[in-house]
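**Q** All residue numbers for the sequence shown refer to numbering that gives the first Met the number 0, where the first residue is 0 and numbers rise by one. A virtual CB, placed ideally from N, CA and C, is assigned to each residue, including glycine. What you are looking at is a predicted structure, and each value in this text was computed from that prediction instead of being measured. Handing you a structure now.
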Amino acid sequence: MNREKLKRLINGACVLVGALALAASSLVGQAFYGSVVGNVTDPSSAALRGATVTLINNGTQERRQGQSDANGAYQFLNLVPATYRVEVELSGFKRAAVPAVEVTVSGTIRADVVMQLGDVTQSVEVSAAAPLLQTENANLSQTVNTRSVQELPVNGRNLLNLVALVPGVVPQGSTEGNALTGKNVFAAGNYQIGGGIANQSATYFDGVPANAGVGNLTVLVPSPDVVSEFRVQTSSNSAEFGRYAGGVVNIASKTGTNQYHGAVYEYIRNRALNANAFFSNANNTGKPAYTQNQFGGTFGGPVKKDKIFFFAGYEGYRQRQGANFLASVPLPAMYGGDFTGWKNAAGAVVPIYDPLTQCGKNANAACATGATIQRQQFPNNTIPASRINPVSKKMLAFPIFGNPNQPGQANTAIANYTKNAVSGGDNDQVTGRFDWNYSDKLRLFGRYTRWNSANTPFDPFGNGIYGGDPYSPETFVTGNAVAGATWLPTPSIVVDVRASYGRWNYLRVQPFTGINMEKTFGLPSYFDRELPKLRGIANETSVPSYSIGNYTPLPGQPGYNNAKIFAIDNDYVLLPSVSWVRGRHTFKFGADIRNMQNNYYQATAGGTFAFTNNFTAQNGVSPGASGSGLASMLLGYGNSGSVLSFALPWQSLSYQGYYAQDTWQVSNKLTVTAGLRWEIPGVYTERYDRGASFNPSLTNPVLDQLGIKVNGQPIKGALQFVNTPQHPFKSLRKEEYGLFAPRLGLSYRLDDKTVIRAGGGIYFLPTNLQFNEGPYGNVMNQFTNQWLTTLDASVTPLFSIDNPFPNGFIPSLGNLPRDQAQKLIIGFNPSAQLAATPRAYNEQWNLTVQRQAWQGIAVETAYAGSHGVHLPRGGWQRNALPSQYLSLGTSLNDQVANPFFGLVTAGNLSQPTVARQQLLLPFPQYTGVNEQGAYLGNSTYHSLQMKVEKRFSEGGTVLAAYTFSKMLGDVESLTAWLDTGVGGTSLQDPNNLRNEKALSGFDSRRRLTVAYALDIPIGKGKRFLNGGPAIAQKFTSGWTMSGTSTFQDGFPLAMSATGVATGSGLGIRPNVVNGCDPKVSGTAQSKLGGWFNKACYVVPPAFSFGNLARTDSRIRGHGIANYNLSLAKRTEITERFKLEFRAEFFNIFNRVQFSMPDRTVTTAANPTTGFITTQLNQPRSAQLSLRLNF
């Protein structure tokens, strides 16, 4: 079948589904709803056919009716999670009823009924506790019920933190499961689930995606008070689910009932209730300021009894949090060039060298034979005032740093500044929902949620320049609307459709926008004149972003990062399905259709400039510990820099998934679920065709026409522009139509107390996992004007900061004619995809045994594994120097004739000569080729997962979950910027990807969680103190206790090396010293000054790669031992109104979890290697709340 016919087939299917949707109004998907199944038998266990089975929603009185078939089986599909009553009637038998069947989100609940002989006018009540065994499907999952959602202590009331209580889940980032305890939506879905890499799972709210169209970010975290329950599915999900790898989190909102109900509440936290951080105590620094208020209310009930219901909720969040900011800042004398106070840990002055005295360079005498001195030290280690660059002087005068206010560590200027700085965030969230039981055959539903979030970072130096991510104030706005219905044309057919629209806006604003850069800093006038044109945005100038090496604040990097970001994400979703019950088979057919539109802009308005110690070190190629980044800046010599030209892309992607599934009740014991999903993952297009792919085998047309060759050979590698004969489609990569994802699950009831389950399937990852994969990151929409600082690896400086771009800026290529773009990109680093790349997918499998061991206790043991194939790397340098040339050593930097001179007007290739290594690259006409969407990664995950769940008859649950796992791979999370310094993301040698395979940076070998929500057995109706006067019972009754405990191994360490040249420009790892054990004995606190034996690692020789694995499996960071506790007292004011006071304690025993140590190995002794100076988790904090429930 050719592609056009296939397209027509798809379009026809879409029309058919759309017509069905219109006929059914707007219907709801089974992926969110639950089901009830069962068998009707007589006392001898014989099947009873023709029994009338009625299902009644206890809250809304919605009724469904059906009949048992020849096997005695019945089932009800697409049920709103709630408590139901099952009634069964059959002539010759007493009427039977199961009064309380708890239907959970995405759950299938079994309610078997044994009929008793007698008259139908007689009735028998059959008690049925919520089932502990999962008997009807093979996925690994856990439901977090309403009580757990409401009562378990959750830091920041971030509902998704409870995901971490499920076996097979490892949170990334901080111990709270995200970076900012609920404020930062980027981090909300940052979990490793079922062996899937973080942020590759799917989150659904009321059956529709809560993930953004870019980055797969979870952009909606509903308030716990509007959530009924949620389910975490970690392995082997049905064919209804697609576009993810790892797991699915399915959240259900609360609904209105025939009784008015709701709550008003406030949760408060402040400094007085909190403990101090570990290092603050060590430094005699007081507790930082802290206030937090979360307040809101809910209200729901009937609009028309038994017919129309509503539920609404509001929650506000206000936080102001101090931070004990610790930084390394220059000594005041250094601004004037005096570095006599720049010392190492031994107290020796760190020498500052003059880059213009390089022997054999800059008209200086040739180096003497055997000479080791490469440059001359500045007299008295002081830079003369005449040598200080005027632009650098003005940049440093625009105060980005404060002055030291405390002694540095061990004779150095390390950590010589501290301040309690305050950051804050405000959130407001509103949710409204209606349900309409239009008739016995049609149910309608709708919900709208809006979430506004604002975050202001701290200002550590009090100068309006913010420190730490996000560097500038930012706002998030999420709106999510969903409408649906369920239609039952016959008792055996259920038609569902759900439609949603989601919009997510993100804005990071810049201070000092519109500043005159020439007057303020002395930069050339072309900055003020050209920067607004490069971005198409007025007043697009600001303070440059610059980092200065050797000054490493803890946490963060010095200098000023003021990138402006705005994103607009629109997601349209349609989820229709048809379920057909025929005998023992339940067939289901459905579609998952999404259109995702995204506009994204991110650029540092004033440019980005980096200054390292290379130009003031003894040896610029291997600088070691000599020199200073600040000294290099004072001279005006930088290590790198850039100004971005940007065309705002209008990008979109259309996804389609179609599935067929059969759930076959082979017998009363065996259920088989088989499904097939057809995925058409979608490809990015840009409204104005501003896009290009990279073709590595195409002879470059510009160079071929000019007759430019290298080594006598035509030069390969060129752009192919979209919607041209060379690239005959509008998208950046070819669409694929042959992706099929089979799913299979088996569930066998060995007896009434034992279930064996097995399942497996293939799951294709979303196209849009990577920020830079779409048109936004393409060479046609982003062009990086590089600051050319040197031609010989920091031996000789070239353009200084006072005129960093003497040839001006090159505009965005997407706004130029394509032949001109093909020409202008020569000499630079294009970022583009290949036109054809493989699709990423994940294979999952599991085998599970679950047994109800004792009354109310279920034990589950599972083996679960996964295999990721063609996983995204986030970018791959296709133009790396081939490894065989590394043996040329320093001669790689020798200057040779540049064949591109005269063609290239800016950058490294604009000079008459060029480094030898440039002409040895696979594509010598480019300084690099960054392949977007490089699907070259693989991962393997194996785990033993155990779970024990206890439900108490008087109320309350206990859940213990243990995971013993191993995760290997050669890629890491694409959202490493959300994580707290774990590492392992940097690629060392693009020519040797096999060497990247190692333990995942987030491999946690052992993880145990315990969660409990219990009634304390005292007071009215309880075991103890159940008598006495009514006033006494008011005090003794209504006490509950809940909590969570987490124990987890630390993550493996990822080491890096600096100060060595390889020609790759990428991250380098150290060499391992054979026979050396890096482990250090002792307690965690005793190892703060040396977490590992740093003598076991050495910097590799120049022009070679280290032999250490991407992560070192022998040593790990600090693990987790955390306890959260909540104690609550409910007091009945009247029969309908109940007052609840709650005290919650997070990290109640104030256990410290230390951050990763400094894992940088340098050519000279690095005094901080192996040191730990920050705390990862939060110290103990307490939260008090008061709620009025009715």
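(1) Could you check what DSSP says for Ser252 in three-state terms: helix, strand or coil?
(2) Output needed for Thr1038: all residues of its chain with C-beta closer than 6 Å, excluding positions within five of it in sequence on either side, in chain order.
(3) So, does the stretch 245 to 261 touch the stretch 278 to 295, judging by three or more C-beta pairs under 8 Å?
(4) Which same chain residues end up closer than 8 Å to Tyr259 when comparing Cβ atoms and leaving out the 5 residues on each side of it in sequence?
(5) Can you tell me the Cα-Cα spacing of Ser651 and Ala498, whole angstroms?
(6) With a CB to CB cut of under 6 Å and the five nearest residues on each side skipped, what residues in its chain are close to Asn771?
(7) Alpha helix (DSSP H) containing Thr145: first to last residue?
(8) Please specify which runs of the beta strand (DSSP E), each continuous and at least 3 residues long, are wholly inside the stretch 577 to 613, giving them in chain order.
(9) Can you tell me which of Asn410, Pro354, Gly336 and Lys440 puts its alpha carbon nearest to the alpha carbon of Pro389?
(10) Just tell me which of Gly605, Gln1047, Asn569 and Arg581 has its CA closest to the CA of Pro510.
(11) Since Thr939 contacts Asn198 with CB under 8 Å, what's their CB separation in whole angstroms?
(12) If we require 4 or more residues per run, which alpha helix (DSSP H) segments fall completely within the stretch 797 to 864?
(13) For Gly1074, report the span of its beta strand (DSSP E) as first-last.
(14) For Gln832, I'd like the list of residues in its chain whose CB is within less than 6 Å of its CB, leaving aside the five on either flank, ordered along the chain.
(15) Closer than 6 Å: is that where the CB of Trp853 sits relative to any heavy atom of the ligand MN?
(16) Distance check for Leu920 and Asp988, CA to CA, integer angstroms please.
(17) Give me the Cα-Cα distance between Ser422 and Val508, rounded to the nearest whole angstrom.
(18) Under a Cβ-count criterion, where at least 16 other Cβ atoms within 10 Å of its own Cβ denotes burial, should Gln1177 be classed as buried or exposed?
(19) Which of helix, strand or coil does DSSP assign to Phe720?
(20) I need the DSSP call for Tyr775, collapsed to helix, strand or coil.
(21) Would you kindly work out how many angstroms separate the C-alpha atoms of Asn784 and Ala861, rounded to a whole number?
(22) Helix, strand or coil, according to DSSP, for Glu529 in the structure here?
(23) Since Asp427 contacts Asn451 with CB under 8 Å, what's their CB separation in whole angstroms?
(24) Between which residues of its own chain and Ser524 is the CB-CB distance below 6 Å, once the five residues before and five after are set aside?
(25) Near Arg242, what residues of its chain come up, given a Cβ to Cβ distance below 6 Å and the 5 sequence neighbours on each side ignored?
(26) If distances are taken between C-alpha atoms only, which option among Phe645, Arg432, Phe588 and Ser631 comes closest to Pro531?
(27) Counting only C-beta atoms, is Arg432 closer than 7 Å to chain D at any point?
(28) When you compare each of Leu885, Val1072, Thr1161 and Lys1033 to Lys1137 by their alpha carbons, which one comes out closest?
(29) Which whole-angstrom value describes the C-beta separation of Val1195 and Val39, a residue pair presumed to lie in contact below a C-beta threshold of 8 Å?
(30) Taking contact to mean 3 or more Cβ pairs, one atom from each stretch, closer than 8 Å, check whether the stretch 569 to 579 and the stretch 592 to 607 are in contact.
(31) If the criterion is Cβ atoms closer than 7 Å, does the pair Pro648 and Pro810 meet it?
(32) Are the stretch 1041 to 1049 and the stretch 1114 to 1129 touching, with three or more C-beta to C-beta distances below 8 Å?
(33) Please report the straight-line C-alpha distance between Gly188 and Val928, rounded to a whole angstrom.
(34) Using a Cβ distance threshold of 8 Å, determine whether the stretch 1130 to 1147 contacts the stretch 232 to 242, with at least three qualifying pairs required.
(35) Is Ser972 helix, strand or coil by DSSP?
(36) What distance in whole Å lies between the Cβ atoms of Leu885 and Phe1102, which are believed to be in contact at a cut-off of 8 Å?
**A** Result, derived from the coordinates:
(1) Strand, per DSSP.
(2) It should be noted that the sequence gives Trp, not Thr, for residue 1038. Here the set comprises Ile1015 and Lys1128.
(3) Output reads no: the stretch 278 to 295 does not touch the stretch 245 to 261.
(4) Cβ within range, chain order: Phe298, Gly299, Gly300, Pro301 and Phe1189.
(5) Their Cα atoms are separated by approximately 19 Å.
(6) Here the set comprises Gln931.
(7) Per DSSP, Thr145 belongs to the alpha helix (DSSP H) from Thr145 to Glu150.
(8) Fully enclosed beta strand (DSSP E) runs of 3 or longer: 584 to 603 and 607 to 610.
(9) The residue among Asn410, Pro354, Gly336 and Lys440 with its C-alpha nearest the C-alpha of Pro389 is Gly336.
(10) For the residues Gly605, Gln1047, Asn569 and Arg581, the minimum Cα distance to Pro510 belongs to Gly605.
(11) Going by Cβ atoms, the distance from Thr939 to Asn198 rounds to 19 Å, so no, they are not a contact pair.
(12) Entirely contained in the stretch 797 to 864, the alpha helix (DSSP H) runs reaching 4 residues are, in chain order, 817 to 823.
(13) For Gly1074, there is no enclosing beta strand (DSSP E), since its DSSP letter is neither H nor E.
(14) For Gln832, same chain residues with a beta-carbon under 6 Å away, outside a window of 5 residues either side, are Ser692, Leu731, Arg732, Gln931 and Gly932 in chain order.
(15) As for the ligand MN, it is missing from this structure, which has no ligand bound.
(16) Rounded to whole angstroms, Asp988 to Leu920 spans 14 Å at the Cα level.
(17) The straight-line gap from Cα to Cα measures roughly 16 Å.
(18) Around the beta carbon of Gln1177, 16 or more other beta carbons lie within 10 angstroms, which makes this residue buried.
(19) Looking at Phe720 - three-state DSSP - the assignment turns out to be strand.
(20) In this structure, Tyr775 counts as helix in the three-state DSSP scheme.
(21) Distance between the alpha carbons of Asn784 and Ala861 is about 54 Å.
(22) The three-state secondary structure of Glu529, taken from DSSP, is helix.
(23) Between Asn451 and Asp427 the Cβ distance is about 5 Å, and since that is below 8 Å, they are a contact.
(24) The beta carbon of Ser524 sits closer than 6 Å to those of Glu517, all from its chain and outside the five residues before and after it, given in chain order.
(25) Pro765, listed in sequence order.
(26) With distances taken between Cα atoms, Pro531 lies closest to Phe645.
(27) The displayed structure is made up of one protein chain only, and chain D is not part of it.
(28) Residue Lys1033 is the option with its Cα nearest to Lys1137.
(29) With the chain represented from 0 up to 1189, any question about residue 1195 goes unanswered, as that position is not in the structure.
(30) Touching, yes.
(31) Contact flag unset, no.
(32) The stretch 1041 to 1049 vs the stretch 1114 to 1129: in contact.
(33) Cα-Cα distance, rounded: 31 Å.
(34) Result no; under three Cβ-Cβ pairs closer than 8 Å.
(35) Here Ser972 carries a coil assignment [DSSP, helix/strand/coil].
(36) Right, their Cβ atoms sit about 4 Å apart.
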